[in-house]
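Quick note, the sequences are listed as chains A and B, same order. Heads up, the first sequence is in the UniProt record's numbering, so the first residue is 1 and it goes up one at a time. Heads up, the second sequence is in the UniProt record's numbering, so the first residue is 1 and it goes up one at a time. A virtual CB, placed ideally from N, CA and C, is assigned to each residue, including glycine.
There are 2 protein chains.
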Amino acid sequence: MTTQADSTDLAENHYDAQQPFPNSRKVFIEGSRPDIQVPMREITLSPTQTSDGVEENAPILVYDTSGPYTDPNVEIDLEQGLQPIREAWIAERNDTEELAGLTSEYGRERRDNEGLDDLRFAHVRKPRCAKSGKNVSQMHYARQGIVTPEMEFVAIRENQRREHLREITKQHPGQSWGAAIPQVITAEFVREEIARGRAIIPANINHPELEPMIIGRNFLVKINGNIGNSAVSSSIEEEVEKMTWATRWGSDTIMDLSTGKNIHETREWIIRNSAVPIGTVPIYQALEKVDGIAENLTWEIFRDTLIEQAEQGVDYFTIHSGVLLRYVPLTAKRLAGIVSRGGSIMAKWCLSHHKENFLYTHFEDICEIMKKYDVSFSLGDGLRPGAIADANDEAQFGELRTLGELTKIAWKHDVQVMIEGPGHVPMHMIKENMDEQLKHCDEAPFYTLGPLTTDIAPGYDHITSGIGAAQIGWYGCAMLCYVTPKEHLGLPNRDDVKAGVITYKISAHAADLAKGHPGAQQRDDALSKARFEFRWEDQFNLSLDPDTARSFHDETLPKDSAKVAHFCSMCGPKFCSMKITQDVRDYAKEHGMETREAIEAGMNEQSEEFVRTGSEIYHKA
Amino acid sequence: MTTQADSTDLAENHYDAQQPFPNSRKVFIEGSRPDIQVPMREITLSPTQTSDGVEENAPILVYDTSGPYTDPNVEIDLEQGLQPIREAWIAERNDTEELAGLTSEYGRERRDNEGLDDLRFAHVRKPRCAKSGKNVSQMHYARQGIVTPEMEFVAIRENQRREHLREITKQHPGQSWGAAIPQVITAEFVREEIARGRAIIPANINHPELEPMIIGRNFLVKINGNIGNSAVSSSIEEEVEKMTWATRWGSDTIMDLSTGKNIHETREWIIRNSAVPIGTVPIYQALEKVDGIAENLTWEIFRDTLIEQAEQGVDYFTIHSGVLLRYVPLTAKRLAGIVSRGGSIMAKWCLSHHKENFLYTHFEDICEIMKKYDVSFSLGDGLRPGAIADANDEAQFGELRTLGELTKIAWKHDVQVMIEGPGHVPMHMIKENMDEQLKHCDEAPFYTLGPLTTDIAPGYDHITSGIGAAQIGWYGCAMLCYVTPKEHLGLPNRDDVKAGVITYKISAHAADLAKGHPGAQQRDDALSKARFEFRWEDQFNLSLDPDTARSFHDETLPKDSAKVAHFCSMCGPKFCSMKITQDVRDYAKEHGMETREAIEAGMNEQSEEFVRTGSEIYHKA
């Protein structure tokens, strides 16, 4: 990583992720103070050609998770990391202090190990921690009535779809299963939702590079992309590249699930270069520290791992505190047992010691750490089903009820919480998951893996799970953890990461539409209008993946002239339903026949007129 | 097509589609007479290694749409076509006669055109037609209480998933929205459903090569793949190849949507080589006959086209009889107008003549033709929405109500009917489509295109629509028309056809699971069991796409030894949740701790025992 050759490779890997999107520019919406600059992507559209001349199409603003990478005004230097945009916000609250050194013993060991000099990020910042007796969580501020810059940032960010709103057509009211999304997201609404525990802003004080985002069911549905090396494969460079690549395509958060070598160093590189929240599963690293022997795990080793990672800036921790001793044997009759790695580690620990899970018995100790750095809980579903046959069983729902109890304990400490969910669940059993979660966890945000709706398609599990993800998002799930085509088969590469992210953006957006999220339909409508008007470039540019849309079009009609053609490649120039529709529209307009009544009144004697004026099809252009 | 070089190319193109699936063999279940031979694919599994030795895993039978192409005992010769397995069944009913020549004027013209000799299928069979006054539809037989060989064939076919059933785990009761799927599908149940109009067997008497299948919501959810050339691109060879390719991967029917040159000849090649029902949209060809000028269409031209195609053996016709004059102007205010090609052709015709749609006014004349050949109606949704913004509007539902009226007229003639549906519909508006269709069309099978649940992802519309398809399948839709990644952008190639088919098999199967279709979960359970037991080869072979599953695995762990490894590439050899689960299982078994009560009773004092016996993980192997 420190040799010239290595860093050039790294820079090259990032080249693609740093290209601005076509016809797009990065814009910033300023908040109540000049250092609140909320990034968005503005897509410029071409005008509509009409018989009366030209009609402008307003640009469309879209939510932008790509960070400074797509900003041509920013010089990216992965070896320096991103700018710490939250630094002043954190400092001015005057409730934290910069520590002289690392608190974690393991962190110090890694820092002092000269053998790691070549791997280590060169500009490790001194860690920051809450002053004695202070709680620095967003939930704590919210409950005191304080609107933080982070809350204002996410409020602006959630509203963007209504900026430049162009009322092309009616909005369909959604079906929101009891949620209550307001027409305008205010910072005060954000504060209330955080205080209530119905939403979280994962934002460690040691991750000042973060562009804040919110997870909760009264906001846009979010997605998470997993990256991480394993003992078998993958390097630091690859993991950093996967992170920038996944956020380019829309990943709202990233989980680093590394289980192989140099996890500590990999994580530092990722966080310093990430504008999105980073989540981890600390038990993975704790297990590495005891050479993979689950029985040898201790609370002390785990505690040191939490602090090590909290001081690096991890924004949320998956912690499997709900895997209780008494639930473990309930999985014995399952078809696929325990498939969560964290769940199986803790199950093994519990059984071999015949003791209750130390992540449960030390839960309040963990809360004490979380609130010092504002790390959010992602309470792990260690007993989630790993096969359709195991969905919604007693082991799963038993654990869920325990996660509900723990949620209330975390909230007592003003620590932010979300709840992880399955897994493998057939469609008709998905809603029960959401309903049970809302009930037992008192509306804390739900964060599910898929769920996969069938087990028969390895190689396509982004699709088997995208189906379930769209549904549970609609029912109220706040964040969807992506699944790539390689699930169950291998480690995802760059193409798999992109396929997973795009699939999950589709699921999340389909859910936003179904929930009736204000403004969500604007991009659909703009794209459909572009399609109807044969504005091919606009259609590509409004797509979640402009590159693929364009290349698919070019396979059939590669010439540039085809992109301004008033026909599409499906039917050819003479035979086009959209052309014919234009006739209908012109006819109805000329004859005032736009409602059923007008039609019935005016239908007689206008036929000849149509033949005369309408014989030239698509005469708008 | 007739030169040696051409046919060699064709044969090569078909090579892939003719490979048997790995570890699979074609088996035939014999019905009540020796000429009822229902094909299925049997997947052989390897045994489970246990500490007690070896435990056999029964082979799994799966529904097989691939026809004789995957049967190594059949010599495929595309220039001869497939064997006419239904020939005797049709003949022995003694209600049809072989005609001396073609009835259709156009058909005769094409036959006599020497310029087409090179393109023409060489062995065109003489057409068969009902004897005067006879009705040869499956519905007609069913209503007289006759169980035809076709009905018995599909009854056996629908049951296959319960053959060799191995009760691995509990079956989850589905949520079937009012449908009533019996535990065993009998030929008599098939007859009742056909007689009631709740299911159809599309099976033209001029398509004796057909392996009969059934479409109805009390049966397995089916999928359709579209193929077809256009004025821009594609050849006869490509279309025949796409058909065999799509049916290899699971397409239950094929629609030939050709709009370009030599449609008549292409269709003959496709039908003669197809073991699945073929559907068409006759108005496309009728329009070609009037040089693309919709106003010049006449009932006479259309009528001749129906007969031409019926005598070739088309099994179902999409006919847009519901596009009424008064509905057309209702589309003028839409964002995307009329996107159905057939719908826009008829809309243009109606407006320019100021007359009611001739497909509506001549509906009973059309029924007279349908019943002479047993062609099924697929009543077209010419006014389906082409954008989320246009979903469930008055134009769409007005047409649907008219399709309901027409259904009852067709049933009066004992003609089989299914109803086409949208299109572009956000998730929360999908169920209304299904409910309205059931209500107005009196439970005639619904056959939908997707629906696409968002418009923002051109290039990924197999996924945007696969989400909607799974849902509407669950709600009761009988057949799902696939959408490929090229939708809206270009003509699908071979890879796109496969991606579309596999995605829709996922949606259809997810729907079967959610409906609680008896036995549907068997394949999921077998695959999950193989996964849990690290039987990699079985996991690949049970997948919808063994080739892709295997190649994805091999990207990370290419060695053959990795396919027998008791770990997967996600976590590496030391760190594996499935290994740990095995410990839990062994522990629970040894200590009789498989229920909550047993656990609470026996939880004390067994900890040390576990440490002693359980320290070697995965000691089953």
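Please go through the same chain and pick out, in chain order, the residues whose beta-carbon is closer than 6 Å to the beta-carbon of residue i, but skip the five residues on each side of it.
i      : result
A/S104 : D304, I307 and E308
A/F610 : Caution is warranted here: a pLDDT of 39 is assigned to A/F610, below 50, making its placement in the model unreliable, and the coordinate value is therefore given only provisionally. Correct list, in chain order: Y587.
A/R41  : S24, V62 and D64
A/A195 : A142 and R143
A/A17  : Y69, T244, W245 and R248
B/E356 : L325
A/R272 : G81 and F121
A/R157 : V38
A/K170 : A caution first: A/K170 carries a pLDDT of 43, below 50, which makes its placement in the model unreliable, though a value can still be read off. Cβ neighbours of A/K170 beyond the five flanking positions: none.
B/E443 : R198
Closest to residue i by C-alpha separation, out of the options, would be which residue?
i      : options                           : result
B/I76  : B/S274, B/I29, B/I254 and B/A130  : B/S274
A/P47  : A/A470, A/D586 and A/D538         : A/D538
B/P84  : B/T50, B/G516, B/Q37 and B/R108   : B/Q37
B/I345 : B/A88, B/G292 and B/M139          : B/G292
B/N229 : B/L220, B/F219, B/M255 and B/E209 : B/M255
B/E311 : B/D252, B/D374 and B/N206         : B/N206
B/H440 : B/A520, B/D71 and B/L406          : B/L406
B/T44  : B/V74, B/S32, B/G468 and B/R25    : B/R25
A/V154 : A/H509, A/F28 and A/W299          : A/F28
A/R128 : A/R93, A/V147 and A/L116          : A/R93
A/G197 : A/L491, A/G404, A/I472 and A/H424 : A/G404
B/H517 : B/S132, B/N159 and B/I60          : B/N159
B/L287 : B/I301, B/P277 and B/V276         : B/I301
B/V415 : B/K134, B/G398, B/F532 and B/Y460 : B/K134
B/D71  : B/P22, B/N113, B/I60 and B/D112   : B/P22
A/H123 : A/L78, A/R108, A/S132 and A/N113  : A/L78
B/I263 : B/F446, B/Y106 and B/I60          : B/Y106
Since residue i and residue j are thought to touch, with beta carbons under 8 Å apart, how far apart are those beta carbons, to the nearest angstrom?
i      : j      : result
B/P451 : B/E211 : Contact flag wrong, Cβ pair sits at about 29 Å.
B/N204 : B/G313 : 5 Å
A/A410 : A/A470 : 29 Å between Cβ atoms; not a contact.
B/L489 : A/H553 : 5 Å
A/I430 : A/G468 : 6 Å
How about residue i and residue j: are their beta carbons less than 8 Å apart?
i      : j      : result
A/A395 : A/L383 : yes
B/S551 : A/A387 : no
B/D374 : B/V136 : yes
A/K505 : A/H140 : no
A/T454 : A/P422 : no
A/A336 : B/R585 : no
B/A508 : B/V221 : yes
A/I181 : A/K408 : no
B/G260 : B/E152 : no
To which residues of the same chain is residue i closer than 8 Å at the C-beta, ignoring the five residues directly before and after it?
i      : result
A/G279 : P202, N224, T253, I254, M255, D256, V314, D315, Y316, F317, T318 and S378
B/E265 : R110, L116, L119, R120, F121 and I236
B/G343 : H320, V323, G380, D381, G382, L383 and R384
A/E150 : R86, W89, Q138, I201, A203 and P212
B/V54  : P47 and T48
B/Q19  : T70
B/N296 : V290
B/E268 : R120, F121, V124 and Q312
Within its chain, find whatever has a CB closer than 7 Å to the CB of residue i; leave out the 5 residues flanking it on each side and keep chain order.
i      : result
B/K126 : E98 and L99
Determine contact between the region 179–192 of chain A and the region 366–377 of chain A, defined as no fewer than three beta-carbon pairs at a distance below 8 Å.
-> no
Touch test, the region 311–326 of chain B against the region 345–360 of chain B, Cβ-Cβ under 8 Å, three pairs minimum | Touching, yes, given that three or more Cβ pairs across the two stretches are closer than 8 Å.
Is the region 87–101 of chain B in contact with the region 233–244 of chain B, if contact means three or more CB pairs nearer than 8 Å?
-> no
Does the region 514–529 of chain A come close enough to the region 479–488 of chain A to have 3 or more Cβ pairs within less than 8 Å?
-> no
If we count Cβ pairs, one from each stretch, closer than 8 Å, do we get three or more for the region 214–226 of chain A versus the region 462–478 of chain A?
-> The answer is yes - the region 462–478 of chain A touches the region 214–226 of chain A, with three or more Cβ pairs under 8 Å.
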